[in-house]
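As structure tokens, the structure follows; a few thoughts come after it.
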Amino acid sequence: MDRTAENFPVEPEDTLIRTRLTERFGIRHPIICAPMALVTGGELAAAVSRAGGLGIVGGGYAGTLGGEPDLQSELALAKAGKFGVGFITWTLSRAPEMLTKALQRSPYCVFLSFGDPRWFASQIRGAGANLICQVQLLSQIDEALEAGAAAIVVQGTEAGGHGASRSTFPFVPEAADYLKERAPDTLLIAAGGIADGRGLAAALMLGADGVLVGTRFWASAEALTPRSASEI
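Residue -18 is where the sequence shown starts when you use our numbering, and the numbers rise one by one after that.
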């Protein structure tokens, strides 16, 4: 089995799925690689972007956790194509300089999750990057909208156990309806338990503009996942 990220998905040019996400972000497939801490390094992000999706390097705990890969080195590996960088939001207050340094690399987007994105929104948007906010509850969408998010990721509990109490596919249509009333131009991304074309199709039918994929790319050869774990 070929475990490389570039082989997901494989579609002829004339059968590409076009959504608001592909049009606005300028990508071929409505698929974003999750910025998994300690897993999504520059090679994986670059491979996903080369394959037509959008790779986002995992900035994780902003260098506050021992054993994290060097973020600047990983961003340099992703630099050849369109890429983003993601952080666990509440850790940025401990090391805000990591965001400043990351923005100097001109990422296409900055992905924030687990914390109030409004503290960092003006800096991100002022640097010309798109802000993507991940939420686990419907009530968190308003904070993301106030922060000026270009896209909101609704994360179900299937997402590596990091969701709250909402399952992905019941969450997506409710969030779609919520955004339709309050911010119809804001993109909606589904996350949690999506690993193939069937999950992508289901998410799009429920109102999402694209999907965030984690576990499938976690097992890719380009990931920073220990080889012994990814081959299980």
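The C-beta atom is built at its ideal place from N, Cα and C for all residues, glycine as well. Only a predicted model underlies this, so the values are computations on that prediction, with no experimental measurement involved.
**Message:** Rounded to whole angstroms, what is the Cα-Cα separation between Thr70 and Ala200?
**Reply:** Taking the straight line joining both Cα atoms gives about 25 Å.
**Request:** May I ask you to list the residues that DSSP assigns as paired with Val134?
**Result:** Looking at the DSSP assignment, Val134 forms a beta bridge with Gln115, Ile170.
**Asked** For Thr206, which option in Thr21, Ala130, Arg99 has the closest C-alpha, if you only look at C-alpha atoms?
**Response** Answer by Cα proximity: Thr21.
**Asked** Should Glu155 be counted as a contact of the ligand MG given a C-beta to heavy atom distance under 7 Å?
**Response** As presented, the structure is devoid of all ligands, the ligand MG included, so that no description of it is given.
**Item:** CB of Thr196 within 8 Å of CB of Ala171, strictly
**Value:** With a cutoff of 8 Å on beta-carbon distance, Thr196 and Ala171 are scored as not near each other.
**Prompt:** Under the three-state reduction of DSSP, which class applies to Ile12: helix, strand or coil?
**Reply:** Under the three-state reduction of DSSP output, Ile12 falls in the strand class.
**Item:** Pairwise C-alpha distance: Ala83 and Gly23
**Value:** Going from the Cα of Gly23 to the Cα of Ala83 covers about 13 Å.
**Prompt:** Anyone know if the C-beta pair for Ala27 and Leu58 falls short of 8 Å?
**Reply:** Yes.
**Item:** N- and C-terminal bounds of the alpha helix (DSSP H) containing Ile122
**Value:** Note, Ile122: alpha helix (DSSP H), 122 to 127.
**Request:** Report buried or exposed for Met17, applying the criterion of at least 16 other Cβ atoms within 10 angstroms of its Cβ.
**Result:** By the Cβ-count criterion, Met17 is buried, with 16 or more other Cβ atoms from all chains shown falling within 10 Å of its own Cβ.
**Item:** C-alpha gap between Arg179 and Ala140, whole angstroms
**Value:** Taking the straight line from one Cα to the other gives about 16 Å.
**Request:** For Thr72, count neighbouring Cβ atoms within 10 angstroms of its own Cβ and tell me buried if that reaches 16, exposed if not.
**Result:** Buried, since its Cβ has 16 or more Cβ neighbours within 10 Å.
**Item:** Beta-carbon proximity check, Leu35 vs Gly65, cutoff 8 Å
**Value:** A Cβ-Cβ contact shorter than 8 Å links Leu35 with Gly65.
**Message:** Distance check for Ala43 and Thr81, CA to CA, integer angstroms please.
**Reply:** In this structure, the CA atom of Thr81 is about 11 Å from the CA atom of Ala43.
**Prompt:** Under the three-state reduction of DSSP, which class applies to Ile105: helix, strand or coil?
**Reply:** DSSP places Ile105 in helix when its eight states are reduced to three.
**Prompt:** Out of curiosity, what's the CA-to-CA distance linking Gly96 and Ala132?
**Reply:** Using only the alpha carbons, I get a separation of about 16 Å.
**Message:** Give me, in chain order, the residues of the same chain whose beta-carbon lies closer than 6 Å to that of Gly174; leave out the 5 immediate sequence neighbours on both sides.
**Reply:** Answer for Gly174: Glu139, Thr149, listed in chain order.
**Request:** Indicate the three-state DSSP secondary structure (helix, strand or coil) for Gly36 in the structure shown.
**Result:** Of the three classes helix, strand and coil, the one that applies to Gly36 here is strand, per DSSP.
**Message:** Measuring only the C-alpha atoms, how far is Ser(-2) from Gly129?
**Reply:** It is Ile, not Ser, that sits at residue -2 in the sequence shown. Each residue's alpha carbon lies about 26 Å from the other.
**Asked** Cα separation between Ala183 and Leu2?
**Response** Rounded to whole angstroms, Ala183 to Leu2 spans 16 Å at the Cα level.
**Item:** Nearest residue (CA-CA) to Ile37, options Arg106, Val116, Tyr89
**Value:** Looking at the Cα atoms, Tyr89 is the closest of the given residues.
**Item:** Unbroken beta strand (DSSP E) run spanning Ser94, endpoints
**Value:** Per DSSP, Ser94 belongs to the beta strand (DSSP E) from 90 to 94.
**Message:** Quick check on Leu46: buried or exposed, where buried means 16 or more other Cβ atoms within 10 Å of its Cβ?
**Reply:** Looking at its Cβ environment, which holds fewer than 16 other Cβ atoms inside 10 Å, Leu46 is exposed.
**Request:** Could you tell me which uninterrupted alpha helix (DSSP H) segments, each at least 4 residues in length, are contained entirely in the segment 21 to 92, listed from first to last along the chain?
**Result:** When DSSP assignments are scanned along the segment 21 to 92, the uninterrupted stretches of alpha helix (DSSP H) that are 4 or more residues long and fall wholly within it turn out to be 23 to 31, 52 to 59, 70 to 73, 78 to 84.
**Asked** Secondary structure at Gly191, three-state DSSP: helix, strand or coil?
**Response** When secondary structure is reduced to three states using DSSP, Gly191 falls in the strand class.
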